[in-house]
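Under the UniProt record's numbering, the first residue of the sequence shown carries the number 1, and numbering increases by one thereafter. Note that CB positions come from ideal geometry on N, CA and C, so glycine has one too. As the structure is a computational prediction, the values presented were derived from the model and not from experiment. Notes for the one structure printed next.
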Amino acid sequence: MRFKINPKYYGLEKFLKGLPGQFDQFGETIYEGRNTIKYFEENGLRINVKSFKIPHFINKVAYAYIRGSKARHSYEYAMEMIRRGANTPEPIAYLEVLRNGLFARSYYVSLHHEYDFTIRDIIGYDYPDKENVLKQFAVFTYEKLHLNGIHHLDYSRGNILIQKGEANKYFFSVVDINRMKFERMNYLKGLKNFAQLWANEKELEVVAREYARINGEDEHKAIKLLIQFDQAHKLKIDRKNALKRKLRNKTQV
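This is the structure:
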């Protein structure tokens, strides 16, 4: 087993090393799909553990010897994001399990982050303060991510956690961070980052206007550009899903 622990949490080492043998039997499930997320209570802390799916053979070799696992990337990127002043649940550790020289499982461990809702819960729905949330979200993305050279490559609506504060003030944090680049984010690249939200044109207009305003750019051009970026992204995903269905149907024949 390969692992790394945030020095602040060395007291959890015994619990962490036992995770591969305990994860499937214990803990409370938060999400179960391609990956599984559970929380555990340990040493007075609520801890989230994300178990990534077992990779196919090529990645079993790649994750073992060529590039780090998604769990390792999540840990390292979280540490770097926090160092740069961005908001993400505090990383505790990552663990990689190898069997017979091949990569088998990996786990990313972080502090549990309380939140009230995600961007997914308001996109496409009536929410009484939605415009205000989207404006503050645009500002957060610019000030905390883009100005700090953080490019979240999976900036989808379920990956933005939101806490509601007083006086309609909202606080944002990002998760699912194993796909990330640390690079200069110019205006167009930053604007394009919002295309992954899968929002409607009215919602995109709110985000584009605010992002253009804080960048000192033309709001009308920003709206037009973001809608174009959004349409291109949706077309790409639709084509990808259609190809998957076609290949799946062929294998079932």
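- If only complete runs of 3 or more residues are kept, the region 53–135 shows the beta strand (DSSP E) at 91–99 and 102–111, in order along the chain.
- With respect to the 7 angstroms criterion, Phe15 and Glu41 are not classified as neighbours on the basis of their beta carbons.
- Under the three-state reduction of DSSP output, Gln163 falls in the strand class.
- For Ile5, the closest C-alpha among the options Lys246, Asn87, Tyr107 and Val139 is that of Tyr107.
- Within the DSSP bridge table, the entry for Arg209 names no partner.
- Three or more Cβ pairs drawn from the region 163–179 and the region 113–122 lie within less than 8 angstroms of each other, which places the two stretches in contact.
- When C-beta atoms of the region 72–84 are compared with those of the region 143–154, three or more pairs fall below 8 angstroms, so the two segments count as touching.
- With contact defined as three or more Cβ pairs closer than 8 angstroms, the region 58–77 and the region 126–141 are not in contact.
- Residue environment for Pro91: buried (at least 16 other C-beta atoms within 10 angstroms of its C-beta).
- Under the three-state reduction of DSSP output, Lys240 falls in the helix class.
- Residue burial annotation: Phe26 is exposed, with fewer than 16 other C-beta atoms found within 10 angstroms of its C-beta.
- The Cβ atoms of Ile227 and Leu191 lie no closer than 7 angstroms to each other.
- Excluding its 5 nearest sequence neighbours in each direction, Ala138 has C-beta neighbours in its own chain below 6 angstroms: Val207, Glu210 and Tyr211, listed in chain order.
- Runs of the beta strand (DSSP E) lying entirely within the region 165–208 and spanning at least 3 residues, in chain order: 170–174 and 180–182.
- Tyr39 is positioned such that its CB atom lies no closer than 7 angstroms to that of Glu32.
- A residue is called buried when at least 16 other Cβ atoms come within 10 angstroms of its Cβ; Tyr10 does not meet this threshold and is exposed.
- The alpha carbon of Leu12 has as its nearest neighbour, out of Ser69, Ala86, Ser110 and Phe171, the alpha carbon of Ser110.
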